[in-house]
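Quick notes on the structure that follows.
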Amino acid sequence: MNQPYDQKEENGPELAGAGQRLAAYLMDLVVLSIIYIALVFLLGLPAADSVMAGRSLPSDYPPIYLLMAAIGIGYYTYFFGMGQTPGMRLLEIKLVRADGVTPVGFSRGLLRWAGMEISGVVLFLGYLWILIDKKKQGWHDKIARTYVVKE
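Dropping the structure here:
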């Protein structure tokens, strides 16, 4: 039975700590970095060759930074929506809604991603909040009404 985390009892699933969450995030950054590097090689090197040869890029050539942003947003929206990123899966933690339901769904996954952007804007205070919050929530968790728990 799903345990609402807003009224979590002592015997409910254990909340994941900041260190475990940071490690999962770093693992996800490695995955995204590999994808981004491949994208730069596939699209960036041919573009560089064209520019070096004095030719202009076709007008419909996709800006790499927009593709990278779309991939990052899609990655986090999809995996948050499903309840686990690859990094979270490796560390045996998962994302649940405040009412205990998992997976959290794609709209809430997108909201959580947007919350991550907000969490990082002001000196990363939204992430540091996890260290002082009794429910171990960052601003992005509070915005999306989610918790990260151990499996």
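Quick note: the sequence shown, position 29, residue 29 per our numbering, numbers continuous.
No residue lacks a Cβ here, since even glycine has one placed at the ideal position from N, Cα and C.
Since this is a predicted model, take the numbers as computed values, not measurements.
- Item | Residue span of the beta strand (DSSP E) that contains V152, given as start and end | Because the chain in this structure spans residues 1 to 151, residue 152 falls outside the shown range and cannot be described.
- Query: What did DSSP end up calling R55 once you bin it into helix, strand or coil?
  - Reply: coil
- Smallest Cα separation from D141: which of Y65, A24, M68 and I118? I118
- Message: Using a 10 Å radius around the Cβ and a threshold of 16 neighbouring Cβ atoms, would you call G135 buried or exposed?
- Response: Correcting the residue identity first, residue 135 is Lys in this sequence and not Gly. Classification for K135: exposed.
- Task: For M1, name the three-state secondary structure that DSSP assigns.
- Result: Residue confidence for M1 is low, a pLDDT of 48 falling below 50, so the modelled location carries little weight; the figure read from the coordinates is stated next. Here M1 sits in coil by DSSP.
- Which class does V152 belong to by DSSP, given the choice of helix, strand or coil? Because the chain in this structure spans residues 1 to 151, residue 152 falls outside the shown range and cannot be described.
- For D99 and A24, the rounded distance between their alpha carbons: 23 angstroms
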